[in-house]
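Just so we're aligned, residue 23 is where the sequence shown starts under my numbering, counting upward by one.
Positions of the beta carbon are idealized from the N, C-alpha and C atoms, including for glycine.
For reference, the structure is listed below as structure tokens.
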Amino acid sequence: MKNDINFINNNIDILNKKVTSIEIHFENVTDKNIQTIAEGHLDLSRKLDDALKVENEKELLVVRVRIIEDELRKMKEQPNQIA
């Protein structure tokens with residue numbers, strides 16, 4: 023019976039060491055990796071926001087160019103109508 027209790031206590035000690043090792047690994051490695059990935063995600067999100075802002079500005083410029091081209095076309099047609 024005493025041998026069984028010693029065996030169980032040894033197994034509990036081994037399990038405690040493994041759990042402690044896992045906790046330390048989780049705290050020192052996994053948490054830091056998650057933080058690094060999250061920071062990278064924020065950078066990507068900011069870059070996407072900047073890219074979308076540029077794309078929106080580009081779309082507005084395309085619209086303005088089309089309006090100016092149409093006005094220029096109308097101005098070119100006016101002298102032909104007068105003559």
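I need the straight-line Cα distance from residue 101 to residue 95, nearest angstrom please. For residue 101 and residue 95, the gap between their C-alpha atoms comes out near 11 Å.
Which whole runs of the beta strand (DSSP E) in the segment 36-67 are 3 residues long or more, in chain order? Counting whole runs of 3 or more residues, the segment 36-67 contains no beta strand (DSSP E) stretch at all.
Alpha carbon to alpha carbon, what distance is there between residue 42 and residue 67? The straight-line gap from Cα to Cα measures roughly 36 Å.
Note down the Cα distance separating residue 71 from residue 78, rounded to an integer number of angstroms. Looking at the two C-alpha atoms, the distance is approximately 10 Å.
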